[in-house]
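A quick write-up on the structure given underneath.
There are 4 protein chains.
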Amino acid sequence: METVYERKVNYYETDKMGVVHHANYIKYFEEARVYFLDKIGLSYKGFEETGIIMPVLSVEAAYKSSAEFDDILEVKTRLTRVTPVKAFFSYEITDKKTGRKVCTGSSAHGFLNRDFKPLNMKKEFPEIFKGLGESTDEAR
Amino acid sequence: METVYERKVNYYETDKMGVVHHANYIKYFEEARVYFLDKIGLSYKGFEETGIIMPVLSVEAAYKSSAEFDDILEVKTRLTRVTPVKAFFSYEITDKKTGRKVCTGSSAHGFLNRDFKPLNMKKEFPEIFKGLGESTDEAR
Amino acid sequence: METVYERKVNYYETDKMGVVHHANYIKYFEEARVYFLDKIGLSYKGFEETGIIMPVLSVEAAYKSSAEFDDILEVKTRLTRVTPVKAFFSYEITDKKTGRKVCTGSSAHGFLNRDFKPLNMKKEFPEIFKGLGESTDEAR
Amino acid sequence: METVYERKVNYYETDKMGVVHHANYIKYFEEARVYFLDKIGLSYKGFEETGIIMPVLSVEAAYKSSAEFDDILEVKTRLTRVTPVKAFFSYEITDKKTGRKVCTGSSAHGFLNRDFKPLNMKKEFPEIFKGLGESTDEAR
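Chains as they are written, first to last, in the working numbering: chain Z, 1 to 140; chain U, 1 to 140; chain E, 1 to 140; chain W, 1 to 140.
What follows is the structure, given as structure tokens:
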């Protein structure tokens, strides 16, 4: 499963180099991840209401070319792997008009409860765990 | 009482115009407000631990000149007025080196409890209310 | 002329109060302003390519209620007035689902050239000035 | 050479989880990098005035524990390696009071001129290249 999240670059996301500041891509990844979960019927807002949080354990980004104000970006997002306690996402950002690769990246997440204690999703939320599992790359 | 909060401009706070993006000054105001409370012995972190939050009801900023990456700014901050249910701050940002005026502004805040219900500070936190009152412009 | 810009709240736009941090509304205003210009056929990107910048001279926001992660906001935007050297916008943000008023605000802008010198739009860019003028409240 | 950059967490840097949003650490890295260059007598502002920019090629961060509003963080920063065309930094963020490890990370940078074309620092700016080289881990 791969989702494509479309996103226009805002003016305030540029820096004095004239292009998108690199920290913003980490935010684009987050937006795209929320979008991915929505598309597989598992909203992150719903997660939090259920008592599941999914903090970022690590993130990495490689910048291929720069994006400018008003560019429309596409963030291709995949859930590469899920375990009972972790989830792994990957991202590829391209310029919609030219297809130019802008940025690639990945993030790892833990499943925690509201008290920041690790959750075993397979045991405590088997339905959600199943839904996530079926949307991973490995399930293809 | 006026406090002077010193703050270097970060690279990521600039935009493609080459100067600090205007939304950042609203953040500088917040930093300066927290600093002001610290200086009068009333930390905002302590407020929240006590069960007091102080959300912004309104904010305004007037931009006089632009600031650049690496500039050192001084945010002069005053608590212009306090009522049992509201507090009003004013700000003046200047460039430390040149004294050039960069931005002025003000913000109004309500006092709420953790459930976002209005607090009467005079009744429920008379000590803190007194401390704030003594630091206002009117108390001078 | 009034445009309605739709915008989902991102996770990273919330703060520890659990709601959208107030500085973000200033960014939403900017997004909505760019959208307004697009809708009247005058892209802000095009402005900059032509050598026109439109820095913010002042901004104000009044917060009516809080917005949360994943809420869909509507930013109603109007160009209240244009002079040869300035433009004035107003904004009203509501929650799309409930219609609840979230935030109102306004901003004033100068017209400058690339060297940050004031432009007289009526003289130097009469076509654009006309287009802006026809989209103001006063033109209705 | 290792520099220690001290940094208080701002309120607006937290998210609804109640802790610093992960994207902000990427910004802290940048602040710490600028601080490092200052300490070795090579300001990044000076770089840009000379015609050198140092965009991020890649960045990664691993989150060890969360930081909260008002915490004082220390960002230990090292220039791990420099080549004529690239520079590599590493970061370790700890809580100043407790010594708790919060985040580690690294970033890779290219040297470009104002037209975004690769620079050979050794040839074109030998003095600066020497200064950087003497501050790397390898030079110890």
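Heads up, the beta-carbon is just placed ideally off N, CA and C, and yes, glycines get one too. All values derive from a computational prediction rather than experimental measurement.
Neighbouring residues, chain Z, relative to residue i (Cβ below 7 Å)
i: E69/E; result: The amino acid occupying residue 69/E in the given sequence is Phe; Glu does not appear at that position. The contacting residues are K45.
Own chain, CB closer than 6 Å to residue i, minus 5 neighbours either side, in chain order
i: H21/Z; result: D15
i: V4/Z; result: E74 and K76
i: T80/Z; result: F88, S90 and D137
i: E13/E; result: V20 and N24
i: R100/Z; result: S65
i: H6/Z; result: Before going on, a small fix: residue 6/Z reads as Glu here, not His. Here the set comprises E74.
i: R78/E; result: E2, S90 and D137
i: M121/Z; result: P84, F111 and F129
i: T104/W; result: A62 and E92
Own chain residues within Cβ distance below 7 Å of residue i, not counting five before or after
i: L37/U; result: S43 and Y44
i: I26/W; result: V59 and A61
i: V9/W; result: V20, A67, E68, F69, D70, D71 and L73
i: A139/Z; result: G133
i: A32/U; result: Y5, V75, T77 and Y91
i: E127/U; result: none
Local conformation of residue i per DSSP, three classes
i: L73/E; result: strand
i: F116/E; result: coil
i: R7/U; result: strand
i: E53/W; result: Contrary to the premise, residue 53/W reads as Ile rather than Glu in this sequence. Residue state, collapsed to three classes: strand.
i: A23/W; result: helix
i: F88/U; result: strand
i: G46/W; result: helix
i: E68/Z; result: coil
i: D15/Z; result: coil
i: E105/Z; result: The sequence given here has Gly at residue 105/Z, not Glu. Looking at G105/Z - three-state DSSP - the assignment turns out to be strand.
i: I93/E; result: strand
i: E31/U; result: helix
i: E134/U; result: coil
Contacts of residue i in chain Z (Cβ-Cβ under 8 Å)
i: K27/E; result: N10 and Y12
i: E60/W; result: S58, V59, E60 and A61
Contact set for residue i: own chain, Cβ-Cβ below 8 Å, skip 5 residues either direction
i: M54/Z; result: Y44, F47, A87, H109, G110, F111 and L112
i: G41/Z; result: G131
i: K123/E; result: P84
i: L119/U; result: I52, V85, F111, L112, N113 and F125
i: S106/Z; result: V59, E60, T80, F88, F89, S90 and Y91
C-beta contact flag for residue i and residue j at 8 Å
i: V102/W; j: A67/W; result: yes
i: K96/U; j: I72/U; result: yes
i: Y63/E; j: V56/U; result: yes
i: S135/Z; j: M1/Z; result: yes
i: Y28/U; j: I93/U; result: yes
i: I52/Z; j: F129/Z; result: no
Contact list for residue i against chain E, beta-carbon separation under 9 Å
i: A23/W; result: Y12
i: P55/U; result: M17, V19, H22, Y63 and S66
Any non-hydrogen atom of the ligand NAD within 7 Å of residue i CB
i: K64/Z; result: Inclusion of the ligand NAD in the displayed structure is not the case, the ligand content being empty and no account of it being possible.
Chain Z residues whose Cβ lies nearer than 9 Å to that of residue i
i: E30/E; result: N10, Y11 and Y12
Partner residues on chain U for residue i, Cβ-Cβ distance less than 7 Å
i: V34/W; result: Y11
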